[in-house]
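Chemist: Below is a structure I'd like to ask you about.
What follows is the structure, given as structure tokens:
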């Protein structure tokens, strides 16, 4: 978490930016002077206008103010965007201060937790403007393409007061939705040491010990890291399916799942404790990367890319390593103490119900709606924005001889996914076409293959026993405000304790009962009560 001083300093800079942005240049002209083109066509306006949009994005992503996609999009639409970017650690506090002070932008994309704040800042405080009457007139591309992916999309994004306050992101990566992260192991090392891929927890620990002690990379140095992952991402995201060896796969953002209609907090389950004990034992033996708690996805990629190889096993979205892509193979779920082999599974085609929200700072909001409507116009636009630029043989994607979209085999660093667009935008991205395009790229082809690889181990979810708490459920303002505080405190405490226990900075057996008492003191019973009420309401109970 960045210090408050730095956050406030950033706010003063942001406030200055807002003063010269859309609420001034983009909004002062009356509608007649905007000279709008026909809805759904380009340019959006014939004379350039400017708006400010706030976006919360991870540190590995480039600044959209410098992105080539947005420069090209500006030329097409005649709408210039001054992007106000928040990075992890500052985003939540910065958002809260902006909303309290009134120094917020014309719109937000992927920032502000729309599902929990839509009633507070939309229905109650009128900061988020209703879009219900504007969408039919100004968003023909959205109305044409979004329902093809989610037929009831208008119902899903409509708040209890009958208004729509945000534009959704639908479709996209069905593989990421289904299987969050894969588990990969070094096949070269296994072969060199005469080992088979482990099938259970005991075998896995023995393989890691061999990786640590038997110099599998052959350089005569003890530089092997048996297992690495990214812990500090959401809520131990990389370990999501690993916990399935002990029963429940770990819900990655809030440790909250629905088991046969009952909302549960997984971090109080005895099986969660057993998983933490197992991980602590591996860490004590030096079998887990000492940097696992500070790793980023880019850091893991760099480690798996090293020559000679230094990583034995890792968790990741896919094998994004370039040098060693053929040296790692996916590992089946490990059998746990009772034979459990469960992986996390979700099938939502709605990435964000309020991916874009327009505030009352925006004059002539129909311009922003028509600008956003162009992001819904076709698959190519959505893909270029969220994955990489094309069509161009020297950028991210191009067309092959048959006219099919394919990812280029070599992608310059400048055109890597993280350097041009945003990880989320209001768009409608056909999931079948996404699979077709992604399968053309070796790194991603392996990820697509994981769907069939892991799907036999998703029966807890496909049977209906487990489900992720639905993220398309509206809350009342009072519920949202109370939940925001409770969930932040509860998940932060549970995640920090898990990190302590795994890294041997505490004894889970000694501390477990006190940990449960502290969760109750923080407000876990009330949190579960609220979550259960909201879930039941979403099911019409």
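Numbering (this note's numbering), first residue to last: 925 to 1465. Cβ atoms here follow ideal geometry from the backbone N, Cα and C, with glycine treated the same way.
1) Excluding the five sequence neighbours on either side, which residues of its own chain have a C-beta within less than 8 Å of the C-beta of residue 1337, listed in chain order?
2) Measure the C-alpha to C-alpha separation of residue 894 and residue 1416 and round it to an integer number of angstroms.
3) With a threshold of 7 Å on Cβ separation, who are the neighbours of residue 939 within its own chain once the five nearest residues in sequence on each side are excluded?
4) Closest to residue 1299 by CA distance: which of 1192, 1349, 963 is it?
5) Is the beta carbon of residue 1108 less than 8 Å from the beta carbon of residue 1255?
6) Is it the case that the Cβ atoms of residue 1277 and residue 977 are separated by a distance below 8 Å?
7) When you compare each of 974, 964, 996, 1152 to residue 1309 by their alpha carbons, which one comes out closest?
8) When you compare the segment 1000 to 1009 with the segment 1228 to 1241, are there three or more beta-carbon pairs, one atom per stretch, that lie closer than 8 Å?
9) Which residue comes first and which comes last in the alpha helix (DSSP H) that contains residue 1275?
10) How many whole angstroms separate the CB atoms of residue 1130 and residue 1233, which I take to be in contact at a CB cut-off of 8 Å?
11) Just to confirm, are residue 1389 and residue 1184 a CB contact at a threshold of 8 Å?
12) On the DSSP letters alone, give me the boundaries of the alpha helix (DSSP H) that residue 1293 sits inside.
13) Going by the beta-carbon positions, is the gap between residue 1459 and residue 1182 smaller than 8 Å?
14) Can you round the beta-carbon distance between residue 1169 and residue 1260 to whole angstroms, since I take them to be within the 8 Å contact cut?
15) Going by CA-CA distance only, name the one from 1392, 1461, 1266 that's closest to residue 1380.
16) Looking at residue 1046: is its Cβ nearer than 8 Å to the Cβ of residue 979?
17) For residue 954, does the three-state DSSP call read helix, strand or coil?
18) Using DSSP bridges, identify the partner residues of residue 1351.
19) Going by DSSP, which residues form a beta bridge with residue 1323?
20) Touch check for the segment 1055 to 1064 and the segment 1278 to 1298: three-plus C-beta pairs under 8 Å?
21) Would you mind working out which of 1456, 1154, 1352 sits nearest residue 1227, comparing C-alpha positions?
22) Counting only runs that start and end within the segment 1042 to 1097, where is the alpha helix (DSSP H) found for 4 or more residues in a row?
23) Does DSSP put residue 1426 in a helix, a strand or coil?
24) With distances taken from CA atoms, which of 987, 1319, 1360, 1116 is nearest residue 1327?
25) Could you tell me which uninterrupted beta strand (DSSP E) segments, each at least 3 residues in length, are contained entirely in the segment 1379 to 1450, listed from first to last along the chain?
26) Just to confirm before moving on: does the CB-CB distance between residue 1043 and residue 1399 stay below 8 Å?
27) Alpha carbon to alpha carbon, how far is residue 964 from residue 1120?
28) Can you list, in chain order, the residues of its chain whose CB lies under 6 Å from that of residue 1149, leaving out five sequence neighbours each side?
29) Shorter than 8 Å from the beta carbon of residue 1169 to some beta carbon of chain D?
30) May I have the straight-line CA-CA distance separating residue 1376 from residue 1105, to the nearest angstrom?
31) At 4 residues or longer, and completely inside the segment 945 to 1024: list those alpha helix (DSSP H) runs for me, N to C.
32) Can you give me the Cβ contacts of residue 1304 inside the same chain, cut-off strictly under 8 Å, excluding the 5 residues immediately before and after it?
33) Tell me which residues share the same chain as residue 1452 and place their Cβ nearer than 8 Å to its Cβ, disregarding the 5 neighbours each side in the sequence.
34) Give every residue of the same chain whose Cβ lies closer than 8 Å to the Cβ of residue 1139, excluding the five residues on either side of it in the sequence, and list them in chain order.
35) Distance check for residue 1078 and residue 1003, CA to CA, integer angstroms please.
36) State the Cα-Cα distance for the pair residue 1053 and residue 973, rounded to the nearest angstrom.
Modeler: Reading off the structure:
1) Position 413 of the chain shown, counting from 1, holds the residue named residue 1337. Taken in chain order, the residues that qualify are 1343.
2) Nothing can be reported for residue 894: it is not among the residues displayed for the chain, which extend from 925 to 1465.
3) Residue 939 sits at position 15 when you count from the first residue of the chain shown. Its pLDDT being 36, under 50, residue 939 is placed unreliably by the model, and the measurement read from it follows with that caveat. So the qualifying residues of the chain are 1027.
4) For the purposes of this step, residue 1299 is taken as residue 375 along the chain shown, with counting starting at 1. Nearest option by C-alpha distance: 1349.
5) Taking the first residue of the chain shown as 1, we reach residue 1108 at position 184. Taking the first residue of the chain shown as 1, we reach residue 1255 at position 331. Cβ distance < 8 Å, so residue 1108 and residue 1255 count as in contact.
6) Taking the first residue of the chain shown as 1, we reach residue 1277 at position 353. Taking the first residue of the chain shown as 1, we reach residue 977 at position 53. Their beta carbons are not under 8 Å apart, which means residue 1277 does not touch residue 977 by this criterion.
7) Position 385 of the chain shown, counted from the start, is the residue given in the question as residue 1309. Nearest of 974, 964, 996, 1152 to residue 1309, Cα basis: 996.
8) no
9) Looking up residue 1275 in the chain shown gives position 351. Careful: residue 1275 lies outside any alpha helix (DSSP H), inside the beta strand (DSSP E) at 1274 to 1282.
10) In the chain shown, the residue the question calls residue 1130 occupies position 206. In the chain shown, the residue the question calls residue 1233 occupies position 309. About 20 Å separates the two Cβ atoms, so there is no contact after all.
11) To locate residue 1389, count along the chain shown from 1; it is residue 465. To locate residue 1184, count along the chain shown from 1; it is residue 260. Cβ atoms of residue 1389 and residue 1184: closer than 8 Å.
12) What you label residue 1293 is simply residue 369 of the chain shown in a count that begins at 1. Per DSSP, residue 1293 belongs to the alpha helix (DSSP H) from 1289 to 1297.
13) Within the chain shown, residue 1459 is the residue found at index 535, counting from 1. Within the chain shown, residue 1182 is the residue found at index 258, counting from 1. Contact: yes.
14) As a first step, residue 1169 is located in the chain shown; it is residue number 245 there, counting from the start. As a first step, residue 1260 is located in the chain shown; it is residue number 336 there, counting from the start. About 4 Å separates the two Cβ atoms, so the contact holds.
15) Numbered from 1 along the chain shown, position 456 holds the residue referred to as residue 1380. Of the candidates 1392, 1461, 1266, the one whose C-alpha sits nearest the C-alpha of residue 1380 is 1266.
16) Here residue 1046 is taken as the residue at index 122 of the chain shown, counted from 1. Here residue 979 is taken as the residue at index 55 of the chain shown, counted from 1. No, they are not a contact pair.
17) Here residue 954 corresponds to residue number 30 of the chain shown, with the count starting at 1. Since pLDDT at residue 954 reaches only 41, below the 50 mark, its modelled position is unreliable, and the value read off the structure follows with that caveat. Coil, per DSSP.
18) Within the chain shown, numbered from 1, the residue matching residue 1351 stands at position 427. Answer by DSSP bridge pairing, in chain order: 1093.
19) Translated into the one-based positions of the chain shown, residue 1323 becomes position 399. Paired residue(s): 1329.
20) yes
21) Mapped onto the chain shown, residue 1227 falls at position 303. Of 1456, 1154, 1352, the residue nearest in Cα terms is 1154.
22) 1059 to 1062, 1064 to 1073, 1077 to 1080
23) Locating residue 1426 in the chain shown gives position 502, counting from the first residue. Looking at residue 1426 - three-state DSSP - the assignment turns out to be helix.
24) As a first step, residue 1327 is located in the chain shown; it is residue number 403 there, counting from the start. It is 1360.
25) 1390 to 1392
26) The residue you call residue 1043 lines up with position 119 of the chain shown. The residue you call residue 1399 lines up with position 475 of the chain shown. Cβ distance < 8 Å, so residue 1043 and residue 1399 count as in contact.
27) On the chain shown, residue 964 is found 40 positions in, with the first residue counted as 1. On the chain shown, residue 1120 is found 196 positions in, with the first residue counted as 1. Computed Cα separation, rounded: 57 Å.
28) Locating residue 1149 in the chain shown gives position 225, where the first residue counts as 1. Around residue 1149: 1213, 1234, 1235.
29) Reference to chain D is not applicable here, since this structure consists of a single protein chain.
30) Counting from 1 along the chain shown, the entry for residue 1376 is found at position 452. Counting from 1 along the chain shown, the entry for residue 1105 is found at position 181. Distance between the alpha carbons of residue 1376 and residue 1105 is about 14 Å.
31) 955 to 958, 992 to 1001
32) Position 380 of the chain shown holds residue 1304. Same-chain partners within the cutoff: 1314, 1315, 1329.
33) For the purposes of this step, residue 1452 is identified with residue 528 of the chain shown, where counting begins at 1. For residue 1452, where only same-chain residues beyond five positions count, the Cβ hits under 8 Å are 1187, 1188, 1189.
34) In the chain shown, the residue the question calls residue 1139 occupies position 215. Here the set comprises 1145, 1146, 1148.
35) Position 79 of the chain shown, counted from the start, is the residue given in the question as residue 1003. Position 154 of the chain shown, counted from the start, is the residue given in the question as residue 1078. Each residue's Cα considered, the two are about 26 Å apart.
36) Walking along the chain shown from the start, residue 1053 turns up at place 129. Walking along the chain shown from the start, residue 973 turns up at place 49. Answer to the nearest angstrom: the Cα atoms are 20 Å apart.
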